[in-house]
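Input: a single structure, listed below in structure tokens.
2 protein chains.
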Amino acid sequence: MVFDRRKSILEAAEKSFSMFGYKATTMDQVAKIANVGKGTIYTFFKNKEELFNEIVTGMVKEMRELARNSINEEDNFFNNLHRSLYSVLEHRREHQLAIKLSQEVREIGTQAAIDALALVEKAILAFLELEIERGIENNEVKECDPSLTAFLMFKMYIALIFDWEKSHQSLTKEEIANHFEFYMMRGIKVEQ
Amino acid sequence: MVFDRRKSILEAAEKSFSMFGYKATTMDQVAKIANVGKGTIYTFFKNKEELFNEIVTGMVKEMRELARNSINEEDNFFNNLHRSLYSVLEHRREHQLAIKLSQEVREIGTQAAIDALALVEKAILAFLELEIERGIENNEVKECDPSLTAFLMFKMYIALIFDWEKSHQSLTKEEIANHFEFYMMRGIKVEQ
DNA sequence: TAATTGACCGTTTTTCTCATTTGGTCATTT
DNA sequence: AAATGACCAAATGAGAAAAACGGTCAATTA
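Quick note, the sequences are listed as chains A and B, same order. Residue numbers for the first sequence follow full-length UniProt numbering, beginning at 1 and rising by one. Residue numbers for the second sequence follow full-length UniProt numbering, beginning at 1 and rising by one.
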């Protein structure tokens, strides 16, 4: 059984970035946690930023997988989309790395942390866009710009899950599903 | 013709807060611009915060008036709400004080600036809520929680006017009206 | 005598300096 | 050939000194 240095470095980095954020994580620390010399890190990763990207990419992949697995081909557009959006955003809300990076963006605005969270958002939007395109093809969703629709849908979920509870009691999963269905799917206008 | 010191102070303060933000505005500076002694300011306003509140309250009143004047009793819910929301948010976008305060919140997170913008948001939401209640009474809008509906409507407008253009070409007034009508009023679901 | 003022006060913020820490390298060791 | 940690220039942070701040009030003005 050989000692997999690359894997050890990645595990140490994930641990450290999750606990201290991007800026406060030092390469010396990662080396110590990983039980390797500092120079060894640089034989596997070009620099701190690339090591960080590797970790973030992994998180994004994980979330994409989660979203994919929430889709049930038998089920309808609305149920599928609600299940995957909700589970991804709940996962993100509880993911230590995502939490720490959000905090870092808020408190010191580290560029690398901003970029990482933007990457997560971009991945979610790309996933949503594909699902909306499928919805249009299946005639479950009206003709519309999938990109804009994904964008507004995402904003609505963020508003329902994260923003509303800043000034009101937080909503349950069922309430969010109902509101999503009411506002986004059916609209508020009384039909004449 | 007497010299209205209170008015002069208010004008100087508005100028200064708009140019430099809350934190970077000094009472010495306001006094100098207003052509009064620093002590005079404190005969009219308890402290810097209260002077600032006076200015912000004025801005909110101005926006409320603008929103009220956009409502035409003859017109329907959708047209009225679009006109007033759009004009208020465009006004806010171009209002020097609002711009400076947004920047200050982004860059240094001054509490007084955060509170001021929250006050503006609260006023807009209160206005929307009333209009939505009227819409429900007139049977133009389906039964729903006016508070949550106002909140989501506001978020959607912010997304369309401010957020979308961060990564795409900005939308025209007509496009925003159409998207608002499509997504919020009618919904994306194909009716069976 | 009522209104106005700016010198003044304690506190906060900014600036400057310098010792420490950082990301990254590379000659040496394994 | 792979791994290492002493080493380097650059970035950072602690701490002291100086400047600027909001707010007060005795002196001044009208």
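From the three backbone atoms N, C-alpha and C, an ideal C-beta is built for every residue, glycine too.
- The alpha helix (DSSP H) runs of length 4 or more contained entirely in the region 135 to 163 of chain B are, from start to end of the chain, 146 to 158.
- The shortest C-alpha to C-alpha distance from Ala116(B) to any of Asp75(B), Ala177(B) and Val60(B) is the one to Val60(B).
- Counting only the Cα atoms, Leu128(A) lies some 53 Å from Ile9(B).
- Secondary structure at Lys46(B): coil, using DSSP grouped into helix, strand and coil.
- Sequence-distant Cβ neighbours of Ile124(B) in its own chain, meaning closer than 7 Å and more than five residues away, are Val88 and Phe154.
- Excluding the 5 residues flanking it on each side, Ile33(B) has same chain C-beta neighbours closer than 7 Å at Ala12, Lys15 and Ser16, in chain order.
- Residues of chain B with a Cβ closer than 7 Å to the Cβ of Leu152(A) are, in chain order, Met156, Ala159 and Tyr183.
- Proximity of chain B to Gly39(A) at the Cβ level (cut-off 8 Å) is not reached, the minimal Cβ distance being about 38 Å.
- One Cα belongs to Arg92(A), the other to Ala118(A), and the distance between them is close to 13 Å.
- Boundaries of the alpha helix (DSSP H) around Gln96(B): Gln96 to Glu107.
- Annotation: the continuous alpha helix (DSSP H) that includes Ala177(B) extends over Lys173 to His179.
- By the CB criterion at 8 Å, Arg68(A) and Gly187(B) fall outside the cutoff.
- Excluding residues up to 5 positions away in sequence, Ala113, Ile114 and Leu117 lie with their Cβ nearer than 8 Å to the Cβ of Val105(B) in the same chain.
- Under DSSP, Lys189(A) shares a beta bridge with Val141(B).
- Between Pro146(A) and the set Asn138(A), Phe162(A) and Ala126(A), the nearest pair of CA atoms involves Ala126(A).
- Collapsing the DSSP output to three states places Lys122(A) in a helix.
- CA-to-CA, the gap between Lys189(A) and Glu140(B) works out to about 6 Å.
- Listed by position along chain A, the residues whose Cβ is nearer than 7 Å to that of Asn139(B) are Val190.
- With a contact defined as Cβ atoms closer than 8 Å, His82(B) and Phe162(B) miss out at about 16 Å.
- Pairing Phe45(B) with Thr110(B), the inter-Cα distance amounts to about 21 Å.
- Near chain B, meaning a CB-to-CB distance below 7 Å, no residue of the region 48 to 71 of chain A qualifies.
- By the neighbour-count criterion, in which 16 or more other beta carbons inside 10 Å mark a residue as buried, Gly135(A) falls on the buried side.
- Setting aside the 5 residues that flank it on each side, Val30(A) is surrounded in the same chain by Ala12, Ala13 and Ser16, each with a C-beta closer than 6 Å to its C-beta; the list follows chain order.
- Judged by DSSP secondary structure, Ser16(A) falls within the alpha helix (DSSP H) whose first and last residues are Arg5 to Phe20.
- When rounded, the separation of the alpha-carbon atoms in Glu50(A) and Asn76(A) is 40 Å.
- DSSP places Gly39(A) within a helical segment (H, G or I) once states are collapsed to three.
- For Met184(A), no alpha helix (DSSP H) run applies, since DSSP gives it neither H nor E.
- For Ile33(A), the enclosing alpha helix (DSSP H) begins and ends at Met27 to Ala34.
- Contacts between Gly21(A) and chain B, judged by CB atoms closer than 8 Å, are missing: the closest CB pair is about 17 Å apart.
- Contact annotation: Leu160(B) and Leu152(B) have beta-carbon atoms that are not nearer than 8 Å.
- With distances taken between CA atoms, Lys7(A) lies nearest to Glu54(A) out of Glu54(A), Trp164(A) and Glu175(A).
- Nearest Cα to Ser102(B) within the set Arg64(B), Ser70(B), Gly37(B) and Tyr22(B): Tyr22(B).
- Glu191(A) and Lys142(B) have their C-alpha atoms roughly 9 Å apart.
- Against chain B, a Cβ distance below 9 Å from Arg93(A) picks out nothing, because the smallest value is about 18 Å.
- In the three-state reduction of the DSSP assignment, Thr57(B) falls in the helix class.
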